[in-house]
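Residue numbers (the UniProt record's numbering): 1 to 382.
Quick reminder that beta carbons are idealized off the backbone N, C-alpha and C, glycines included.
Being a predicted model, the structure only gives us computed values, none of them experimental.
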Amino acid sequence: MNGFSTRALHDGQEPDPTTGAVVVPIFATSTFAQDGVGGLRAGYEYARTGNPTRTALETTLASLEGARHARAFASGMAAEDALLRGVLRPGDHVLLPTDAYGGTYRLISTVYCDWGVEYTAVDTADVDAVRAAIRPNTKVLWCETPTNPLLGIADVAALGALAREHDLLLVVDNTFASPYLQTPIALGAHAVVHSTTKYLGGHSDVVGGAVVTDDDALHETLGKMQNGMGAVPSPFDCFLTQRGLKTLAVRMERHSDNAERVADVLAAHPQVTAVLYPGRADHPGHEIAAKQMRRFGGMISVRIAGGEQAARDFCAATRVFTLAESLGGVESLVEHPGAMTHASAAGSLLEVPADLVRLSVGLEDADDLVDDVRQALDSLGS
Numbered sequence: 001m002n003g004f005s006t007r008a009l010h011d012g013q014e015p016d017p018t019t020g021a022v023v024v025p026i027f028a029t030s031t032f033a034q035d036g037v038g039g040l041r042a043g044y045e046y047a048r049t050g051n052p053t054r055t056a057l058e059t060t061l062a063s064l065e066g067a068r069h070a071r072a073f074a075s076g077m078a079a080e081d082a083l084l085r086g087v088l089r090p091g092d093h094v095l096l097p098t099d100a101y102g103g104t105y106r107l108i109s110t111v112y113c114d115w116g117v118e119y120t121a122v123d124t125a126d127v128d129a130v131r132a133a134i135r136p137n138t139k140v141l142w143c144e145t146p147t148n149p150l151l152g153i154a155d156v157a158a159l160g161a162l163a164r165e166h167d168l169l170l171v172v173d174n175t176f177a178s179p180y181l182q183t184p185i186a187l188g189a190h191a192v193v194h195s196t197t198k199y200l201g202g203h204s205d206v207v208g209g210a211v212v213t214d215d216d217a218l219h220e221t222l223g224k225m226q227n228g229m230g231a232v233p234s235p236f237d238c239f240l241t242q243r244g245l246k247t248l249a250v251r252m253e254r255h256s257d258n259a260e261r262v263a264d265v266l267a268a269h270p271q272v273t274a275v276l277y278p279g280r281a282d283h284p285g286h287e288i289a290a291k292q293m294r295r296f297g298g299m300i301s302v303r304i305a306g307g308e309q310a311a312r313d314f315c316a317a318t319r320v321f322t323l324a325e326s327l328g329g330v331e332s333l334v335e336h337p338g339a340m341t342h343a344s345a346a347g348s349l350l351e352v353p354a355d356l357v358r359l360s361v362g363l364e365d366a367d368d369l370v371d372d373v374r375q376a377l378d379s380l381g382s
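Spelled out as structure tokens, the structure:
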């Protein structure tokens, strides 16, 4: 197998046989001519069912995750919904992290609970706690590592062994790490989900999602979900995501470099009570993260002395970091999870601390990012 960057640039992206174009074309068509009834050219009939631009993206995604199959969707939530709807039935039970993305929690706790699916929130960093939470009707073990927004680390290999022991489907949300930093299928996951909006697209200009798997039957089920539910990305969205993948490796290196610098400055400042970054030796999941990740990524969460108002004031005081939801783009972003991305978890076991701030460290000059967080923190004491 070729190296990561070579696969990102070439797998699924052979030059166009008609024109020789080295970039996969945007096949902006809704339908495909047939050579007689049922005589499909290259297997394509209708763009909801399949499109060559989407096929190219799916081929690259599967390759980068070290898997055989990938399905692309219109958003990360559409990808999660297709996966869960494909494998769950009323009466089934899901285990999800006590620190899960707010959108995932909202989907399961409202849409799927209304459908008769049950869930339990459990600390997925504690394998014994996960084992104790398994019920006879448990079907899916949902894992994020690192988690959003507390940057918790789960041992994917240990959870994979537990899932095989109890015949569970282990799903890992790999959005924070990206396949450059971590490949959960090689560690024992059955499926990997992504919000490709984030690091894979990488430029805050496209919304998308994906599910990657080695399981042939699950792949077929996801294909039925794509075609039957129709939450598929446009050819242009696939093109933008594919373009982002080409620079994923170099971007993740820079994200990690910058985040390490920013984390050190945050940890040394008296206005910060805790830095949550798995690259730091004081992080409780550092050893596991070092074992299963190439590096530690660009996401940092911090707890601010002075509580919620101070956290909000910090978000308002940054100048290079932009106050906005989302993450994983080339520009640095800051947000208050309790009031923004994770507001849907308020009052639940997944509620995030009010003094928490989440930073998506981008690709700007590290000195400018360091100066920005320092001046924002200094302003809290003035």
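**Prompt:** Looking only at its own chain, which residues have a Cβ that is under 6 Å from the Cβ of Arg294, when we skip the five neighbours before and after it?
**Reply:** Leu181
**Message:** So, at 7 Å on beta carbons, what are the nonlocal neighbours of Gly328 in its own chain, with the 5 sequence-adjacent residues on each side left out?
**Reply:** Lys198, Tyr199, Gly202, Ser360
**Message:** Check for me: the beta strand (DSSP E) holding Gly209 runs from which residue to which?
**Reply:** 209-213
**Message:** Going by DSSP, what residue range makes up the beta strand (DSSP E) through Pro97?
**Reply:** 93-97
**Asked** Secondary structure at Arg251, three-state DSSP: helix, strand or coil?
**Response** Residue state, collapsed to three classes: helix.
**Item:** Through-space distance from Val370 to Gly362, alpha-carbon basis
**Value:** 12 Å
**Asked** Who does Thr138 pair with in a DSSP beta bridge?
**Response** His93
**Prompt:** beta strand (DSSP E) containing Glu331: first to last residue?
**Reply:** DSSP places Glu331 outside any beta strand (DSSP E), giving it a letter other than H or E.
**Outcome for Gly297 when other beta-carbon atoms lying within 10 angstroms are tallied against a minimum of 16** = buried
**Message:** To the nearest angstrom, how far is the alpha carbon of Trp142 from that of Val94?
**Reply:** 7 Å
**Request:** Under 8 Å by Cβ, that's how I've got Ala70 and Ala62 pegged, so tell me the actual separation to the nearest angstrom.
**Result:** Contact annotation, Ala70 with Ala62: C-beta distance approximately 4 Å; criterion of less than 8 Å satisfied.
**Prompt:** Using a Cβ-Cβ cut-off of 8 Å (strictly less than) and excluding sequence neighbours within five positions of Ala354, which residues of its own chain qualify?
**Reply:** Gly307, Glu308, Ala311, Gly338
**Message:** So for Leu369, helix, strand or coil by DSSP?
**Reply:** helix
**Message:** How far does the alpha helix (DSSP H) with Asp313 in it extend, from its first residue to its last?
**Reply:** 307-317
**Exposure of Asn137, with buried meaning 16 or more beta-carbon neighbours within 10 Å** = exposed
**Asked** Using the beta-carbon count (16 or more within 10 Å), is Ser195 buried or exposed?
**Response** buried
**Message:** Would you call the region 119-132 in contact with the region 156-165, where contact means no fewer than 3 C-beta pairs closer than 8 Å?
**Reply:** Yes, they touch.
**Item:** Buried/exposed call for Asn227, threshold 16 Cβ in 10 Å
**Value:** exposed
**Request:** Return yes when the Cβ of Asp114 is within less than 8 Å of the Cβ of Thr98, no when it is not.
**Result:** no
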